[in-house]
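Enquirer: Quick note, the sequences are listed as chains V and R, same order.
Converting from the first sequence to the numbering used here requires adding 6 to each position, the first position being numbered 1.
Converting from the second sequence to the numbering used here requires adding 6 to each position, the first position being numbered 1.
There are 2 protein chains.
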Amino acid sequence: MDPDSTASDSTASDSTASDTTAPDPAGPDTAAGPERLRSDARHNRARILEAAREAFAARGLDVPMAAVARRAGVGVATLYRRFPTRESLVTEVFADRLADCVGVVDEALADPDPWRGFRTVIEKVCAMQVADRGFTAAFLTEFPGAVDFERERMRAERGFAALTRRAQEAGYLRADFARTDLTLVMKANDGVVAESSEAAAAASRRLVAYFLQAFRSDHTTSAPDLPPPAPIGLYRFDLLTEGR
Amino acid sequence: MDPDSTASDSTASDSTASDTTAPDPAGPDTAAGPERLRSDARHNRARILEAAREAFAARGLDVPMAAVARRAGVGVATLYRRFPTRESLVTEVFADRLADCVGVVDEALADPDPWRGFRTVIEKVCAMQVADRGFTAAFLTEFPGAVDFERERMRAERGFAALTRRAQEAGYLRADFARTDLTLVMKANDGVVAESSEAAAAASRRLVAYFLQAFRSDHTTSAPDLPPPAPIGLYRFDLLTEGR
DNA sequence: CCGAAAACGGAAGGACCCGTCCACTTCTGG
DNA sequence: CCAGAAGTGGACGGGTCCTTCCGTTTTCGG
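#1: Cβ of Glu217(V) less than 8 Å from any chain R Cβ?
#2: Go through its chain and collect everything with a Cβ distance to Gln78(R)'s Cβ below 6 Å, but skip five positions before and after it.
#3: Within 10 angstroms of the Cβ of Thr170(R), are there 16 or more other Cβ atoms? Answer buried if so, exposed if not.
#4: Please list the residues of the segment 79-99 of chain R that have a C-beta atom closer than 7 Å to any C-beta atom in chain V, keeping them in chain order.
#5: Relative to the C-alpha of Val199(V), which residue among Glu93(R), Leu190(R), Ser223(R) and Thr84(R) is closest?
#6: Using only the alpha-carbon positions, how far apart do Ala47(R) and Leu85(R) sit?
#7: Quick one: measure Cβ to Cβ for Phe141(V) and Phe243(V), integer angstroms, because I've assumed they're closer than 8 Å.
#8: Taking Val136(R) as the reference, which of Gly177(R), Val74(R) and Ala205(R) has the closest Cα?
#9: Does the distance from the C-beta atom of Ser203(V) to that of Arg139(V) stay below 8 Å?
#10: Thinking C-beta only, is Gly151(V) closer than 8 Å to Glu93(V)?
#11: Considering just the uninterrupted stretch of the alpha helix (DSSP H) at Tyr178(R), what are its terminal residues?
#12: Can you list, in chain order, the residues of its chain whose CB lies under 6 Å from that of Glu158(R), leaving out five sequence neighbours each side?
#13: Which residues in chain V sit within 7 Å of Asp196(R), going by Cβ to Cβ distance?
#14: Helix, strand or coil, according to DSSP, for Arg222(V) in the structure here?
#15: Report the rounded CA-to-CA distance for Val80(V) versus Leu240(R), giving the unit in angstroms.
#16: Could you check whether Pro235(V) and Ala184(V) sit closer than 8 Å to each other, using their CB atoms as the reference points?
#17: Quick one: is Asp106(V) near chain R, going by C-beta distance under 8 Å?
#18: In this structure, does DSSP put Arg42(R) in helix, strand or coil?
#19: Give me the Cα-Cα distance between Thr186(R) and Arg42(V), rounded to the nearest whole angstrom.
#20: Kindly say whether Ser203(R), judged by its beta-carbon, lies nearer than 8 Å to any beta-carbon of chain V.
#21: Taking CB distances under 8 Å as the criterion, tell me whether Gly177(V) reaches chain R.
#22: Starting from Ala101(R), trace the alpha helix (DSSP H) both ways and give me its first and last residue.
#23: I'd like to know if Leu67(R) contacts chain V, where contact means its C-beta is closer than 8 Å to some C-beta of that chain.
#24: Count the other CB atoms within 10 Å of the CB of Met160(R); is the residue buried (16 or more) or exposed (fewer)?
Okay, here's the thing in structure tokens:
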């Protein structure tokens, strides 16, 4: 049925073992650094990232590589040399956005009001989804190769978990709210926002309001049972482009 | 050019209008019916519909035409002759599913309990989304060409509106629930279900429970304001395949 | 200033998918 | 039974996108 079998990319392991070419004198454990780039190359790299950011935000992660290249004013080869895989480009582009998330969470934790902190995170994350069509997929996808990306996301998740716990202990958030419910919210909001438009923003706000209404637990009396949390899996990266 | 063209391809074998098994010798031009199909052609048509139903359910509306043809055991030409456009195939395949929807709504209206009726529709529709990956897109897409498809959907929507009103008047459903909120729910659920999996079904149930919690209005005391309903547009058919 | 290494752009080779065309096959009615 | 119309399948031209390859241009240390 499916003869194609995209297996291929087993080569993806760039950093495997002995990388002969780079003597790596200073020993920057951060690795994969864009160091020692020729000036024009560095310039182009920045242009590519900028173009990709715009393109992903406007049209989602499935933008043709050639479109990114054109937008950046470079040839496709340049793009591929700098970012051998779409994944590498995506993780690089969304690193900042992810940092923003962590910032949002930290800020919320600093808020003395547990519920307002919780609510703010939900609202802001959903707003980011509206503002950036690629954000959801990037955030909800597992990138086994991008170590620091994964670490950063985990940090955001952990912070949100703390936020959740605090709101629950204060009695504002229903006790059966699960950590995976954030994923639930994000996927739901993604569905609403998918067709970007002005109306989408309004719809998203309404959705969020409904969610918050459901999450809130001060009307404790009547909250009925909820189906089990059922951990929602993250996307696998290859799924993002496979269904086409 | 071509004012109505393919308008009625109904051929719905049984129910359509006054099913005149007779070749309708009087005025055949009005009918444009696909009757008079050779036996093998009719057989193939059925196989195609069956294959398309399966394919759409399993992988969404973006299945390659060739895949449907292969699955049906026919050549692409046969598929294209019977269904000149993907749209015609989709509307034909989902005509039944749409009828099911109307049935669900009617059944719910027959339920003496207004809230249970309302709730049941939400639950069943979302369950249909889980069971059929193509359902959401088909239901939420505007098919200007498929008159009876549109009519049927409108009937379902009208029924749901009645259901909504009834539940609101009985005081079970919050007064600011808008008709377009059904679309909101469907899109949100679609987002959750998009990555079909076992977990998706559970996630969908949880989502629905949250929604119902938010919609319910017997804890009237504390329902905060909601952002405006903001009519969520349907998909345009060309959008379904354009973003690729 | 100069030459080698690095970087560049575009072309080219695959892989899909769409929708049409045409030579061949299969019904059907007399 | 048989001729011809209805029906069929697969090949084909036209697109889009991915990824690599290669001749040319640019940078930069000496």
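Using N, Cα and C, we set each Cβ at its ideal position, and we do this for glycine too.
Values in this document were obtained by computation on a predicted structure and should not be read as measured data.
Expert: Reading from the atomic positions:
#1: According to the sequence displayed, residue 217(V) carries Phe and not Glu. Closer than 8 Å: yes.
#2: Looking at the sequence shown, residue 78(R) is not Gln but Ala. So the list reads Arg53, Ile54 and Ala57, once near-sequence residues are dropped.
#3: The residue is buried, with at least 16 neighbouring Cβ atoms inside 10 Å.
#4: none
#5: Residue nearest to Val199(V) within the set Glu93(R), Leu190(R), Ser223(R) and Thr84(R) is Leu190(R) (criterion: CA-CA distance).
#6: 10 Å
#7: Not a contact, Cβ separation roughly 15 Å.
#8: Ala205(R)
#9: no
#10: yes
#11: Taken as a continuous stretch (DSSP letters only), Tyr178(R) belongs to no alpha helix (DSSP H), as it is neither H nor E.
#12: Leu104
#13: Residues of chain V whose Cβ lies closer than 7 Å to the Cβ of Asp196(R) are, in chain order, Gly197.
#14: strand
#15: Their Cα atoms are separated by approximately 38 Å.
#16: yes
#17: no
#18: Three-state DSSP puts Arg42(R) in coil, outside helix and strand.
#19: The straight-line gap from Cα to Cα measures roughly 56 Å.
#20: yes
#21: no
#22: Arg92 to Ala116
#23: It does not; no Cβ of chain V falls within 8 Å.
#24: exposed
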